[in-house]
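One structure below.
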Amino acid sequence: MKQTVYLMAINEALEEEIKRDEKVFIIGENVQQGTFGVTSGLVQKFGTERVMDTPLAETAVAGAAIGAAMAGFRPVADMMFADFIYIAGDEIMLKAAKWHFMHGGKVNVPVVIMAAMGGGMKIGAEHSMCPEALIMHTPGLKLAVPSTPYDAKGLLKTAIRDNNPVIFFYNKGLLGLPGEIPEEEYLIPFGQADIKREGSDVTVVAISRMVHMALEVAEKLKDKVSVEVVDPRTLEPLDIDTIVESVKKTGRVVIVDEDNRRCGVTAEISAQIFETAFDYLDAPVQRVAAADMPIAAGFLEDYVLPQPKDIEDAIERVMA
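This note's numbering applies: residue 1 is where the sequence shown begins, and numbers increase by one.
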């Protein structure tokens, strides 16, 4: 194993896949410099034909990548901020997601739409969203939301090799997160959740950056409550079986996500738990998510996005 950080794990995955397959290339806004560092240095290694800068035109970026994918390439389209996928919604949600189905399986769209999601940088409502629910609600798209360097590299390599369109949301609040990854090549299959911490009293299902908040709270409460932290790693496909098995063991569950609460990921996972494990619950499911309002800039961001105290309070409620 070797030490790295989250953003460099993503960078390594891209470098390895470009080397491995001549059909892989990166296209997007400022990818040659790398706004968040995940594509930095790659143009010097592979040239401008494999790392292609574009104007600030998200629809064109997505459309070019999807067209290239249909022609046999495996593009990674970097949309910079996850919020900007709304601009390219037609290309991503109506074209990439549906054309394999609409063409009777004769067309594959092996494209990765990569973008940075989440708050933590206090940069306001149009640059801090986690639009995971939008993707989960769109049949035909896969969705990876890694929380560690290990998961980020393994899931991105799997995404690039997938014949389906994959949305890969990495979290801005985790860019400098340290962690270990193997020296040798590895892949992480989609649809396999990871238990980040074993516990027996309550299950906390946490997504992306919220995994680390949940682990922080679990450590704080360890003398009073045994908290199991489950990281889905991919939301489509969703490994509901691992989540349910954990809930059956603990009888209590808190679901934590950085997206807003209404009609969000926490609501979907909660509904699936009620449908499949209702008889095992000793308390109502608790949800911790962002407030149903635009994400404020500056210091007000903390009042909108989930905080460790919110998770702690939710655990105390289910334990009561």
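All C-beta atoms in this analysis are idealised placements derived from N, C-alpha and C, irrespective of residue type, glycine included.
Helix, strand or coil at residue i according to DSSP, with G and I counted as helix
i                 : result
glutamate 132     : helix
alanine 71        : coil
tyrosine 186      : coil
leucine 241       : Rather than leucine, the amino acid found at residue 241 in this sequence is aspartate. Helix.
isoleucine 66     : helix
leucine 235       : strand
lysine 2          : strand
methionine 210    : helix
phenylalanine 299 : helix
glutamate 16      : helix
methionine 93     : helix
aspartate 78      : strand
isoleucine 87     : coil
glutamate 126     : coil
valine 107        : coil
Within 7 Å, strictly: CB atoms of residue i and residue j
i                 : j              : result
valine 204        : valine 247     : no
alanine 77        : alanine 69     : no
isoleucine 10     : valine 38      : yes
alanine 193       : leucine 141    : no
valine 318        : glutamine 286  : yes
glutamate 185     : proline 308    : no
arginine 262      : aspartate 282  : no
glycine 199       : glutamate 228  : yes
leucine 175       : tyrosine 6     : yes
phenylalanine 168 : valine 112     : yes
leucine 187       : threonine 158  : yes
isoleucine 243    : valine 230     : yes
valine 202        : isoleucine 315 : yes
glutamate 29      : threonine 54   : yes
histidine 23      : alanine 297    : The sequence as given places lysine at residue 23; histidine does not occur at that position. Contact: no.
glycine 191       : proline 237    : yes
glutamate 268     : methionine 210 : no
glycine 119       : glutamate 301  : yes
lysine 45         : glutamate 183  : no
leucine 156       : alanine 13     : yes
Distance between residue j and residue i (C-alpha atoms, nearest Å)
i              : j                 : result
methionine 117 : alanine 277       : 31 Å
methionine 79  : lysine 196        : 29 Å
threonine 250  : valine 61         : 45 Å
alanine 133    : aspartate 223     : 35 Å
alanine 152    : lysine 106        : 31 Å
proline 232    : histidine 127     : 24 Å
aspartate 310  : leucine 235       : 22 Å
aspartate 83   : alanine 57        : 13 Å
alanine 125    : proline 294       : 5 Å
lysine 220     : glutamate 312     : 9 Å
arginine 20    : glycine 72        : 15 Å
tyrosine 280   : tyrosine 303      : 33 Å
glycine 34     : valine 51         : 10 Å
glycine 154    : arginine 252      : 30 Å
glutamate 49   : histidine 137     : 34 Å
asparagine 108 : tyrosine 86       : 23 Å
alanine 290    : phenylalanine 81  : 18 Å
methionine 114 : phenylalanine 101 : 23 Å
valine 225     : alanine 218       : 8 Å
Range of the contiguous beta strand (DSSP E) that encloses residue i
i              : result
valine 202     : 202–206
asparagine 171 : 166–171
isoleucine 255 : 253–260
lysine 142     : 142–144
lysine 196     : 194–197
isoleucine 181 : 178–181
methionine 52  : 51–53
Residue environment, residue i, which counts as buried when at least 16 other CB atoms sit within 10 Å
i                 : result
glutamate 91      : buried
tyrosine 150      : buried
asparagine 260    : buried
threonine 266     : buried
cysteine 130      : buried
serine 208        : buried
arginine 74       : buried
proline 146       : buried
histidine 103     : exposed
proline 189       : exposed
proline 110       : buried
glycine 173       : buried
glycine 47        : exposed
proline 306       : buried
proline 165       : buried
leucine 94        : exposed
phenylalanine 299 : exposed
asparagine 171    : buried
Segment limits, alpha helix (DSSP H) that includes residue i
i              : result
lysine 23      : Element bounds for lysine 23: n/a, residue is neither H nor E.
glycine 154    : 149–161
arginine 317   : 308–319
methionine 324 : Since the first residue of the chain shown is 1 and the last is 320, residue 324 is not available in this structure.
alanine 290    : It is not in any alpha helix (DSSP H) - alanine 290 instead sits in the beta strand (DSSP E) that spans 286–290.
histidine 100  : 99–102
threonine 276  : 265–277
Heavy atom of the ligand NAP within 6 Å of residue i beta-carbon
i           : result
arginine 20 : The ligand content of the structure shown is nil, which means the ligand NAP is not present either.
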